[in-house]
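The sequence shown lines up with residues 6 to 203 when you count with our numbering. Ideal Cβ positions, reconstructed from N, Cα and C, are used throughout, including at glycine. Notes follow once the structure below has been shown.
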Amino acid sequence: MPRGIAIPQLRQQLFAAAEQVVLRDGPARLSGRAVTVEAGVAAGLLYAHFTDLDDFLTAYAVDRAFTVSAAAAALPERAGRATVAANLADALLTIPRPALTALAKLLILRPDLVPRVHAVLGEETAGLDAVERSVAAYLAAEQRLGRVPQAADLASLALAAVAVLHHLVLTEADADRLNAAVAALLPSAAERRLRTVH
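So, in structure tokens, the structure goes:
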């Protein structure tokens, strides 16, 4: 690319390139050079916009964590429609899978990025933490409507649902397994309530 020509949406181009490197080669192969080669831009361009690779990875993680949390934010609005299991599974599946997969893999390798993401987005509003809160809020709304048992442990169900999502993303499993796992979680809450009553 000739010098001096602006590249529209450069940050997103570099973020998309980083995502492709992580998904194809793994996060250990992520370097400034790998990103710029994947993006098809000059080698020094990344460092013209970011202080260093850590600054770039922090910005990438913040961007993708925001994307993941925003996708789950509307989940509580589904309360009272369809079935609880279907709503929950559908909402989890609307989260952009490449973004979540790459972000999860990167944060496993680079846990030092987590507090940096939290510093920008907040302790409970970033990535899977935000998804867990949205799931718990949704289940609470359904509980108020009588569609989830009063005795259900909503925090544990939310954590379990997000853990299933995280596992399936990291193992690249299909959506059917998520649907089945979410459906299995919710009856277990009802069964615990029945055992408590009797």
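For Gly37, the enclosing alpha helix (DSSP H) starts and ends at 37-44. Between the segment 105-125 and the segment 77-94, the count of C-beta pairs closer than 8 Å stays below three; the two stretches do not touch. Taking the Cα positions, Ala48 is about 25 Å away from Arg121.
Three or more beta-carbon pairs separated by less than 8 Å link the segment 182-191 to the segment 88-105, which places the two stretches in contact. In the pairwise beta carbon analysis, the segment 34-47 is classified as touching the segment 12-22: at least three pairs are separated by under 8 Å.
In the DSSP assignment, Gln25 falls within the unbroken alpha helix (DSSP H) covering 15-30. Comparing alpha carbon positions, the residue from Leu62, Leu51, Phe71 closest to Val27 is Leu62. Less than 8 Å separates the beta-carbon of Ala165 from that of Leu190. Where Thr56 is concerned, there is no enclosing alpha helix (DSSP H), because DSSP gives it neither an H nor an E.
Nearest C-alpha to Arg149 among Ala168, Arg138, Ala84, Ala75: Ala84. Here Ile113 is exposed, its C-beta having fewer than 16 other C-beta atoms within 10 Å. Looking at His123, Leu162, Gly127, the one whose alpha-carbon comes closest to that of Ala142 is Leu162.
Between the beta-carbon of Leu133 and that of Val89 there is about 20 Å, and that puts the pair past the 8 Å contact cut. With a 10 Å radius around the Cβ and a threshold of 16 neighbouring Cβ atoms, Ala53 comes out exposed.
A distance below 7 Å between beta-carbons, with the five flanking residues on each side excluded, links Ala145 to the following residues of its chain, in chain order: Leu159. DSSP, reduced to helix, strand and coil, places Leu150 outside both helices and strands of the structure shown, so it counts as coil. Between Arg69 and Ala104, the CB-CB gap stays under 8 Å.
For Asp95, the three-state secondary structure derived from DSSP is helix. In the DSSP assignment, Ala165 falls within the alpha helix (DSSP H) that extends over 159-176. In the displayed model, Pro116 falls within coil according to three-state DSSP, outside both helix and strand.
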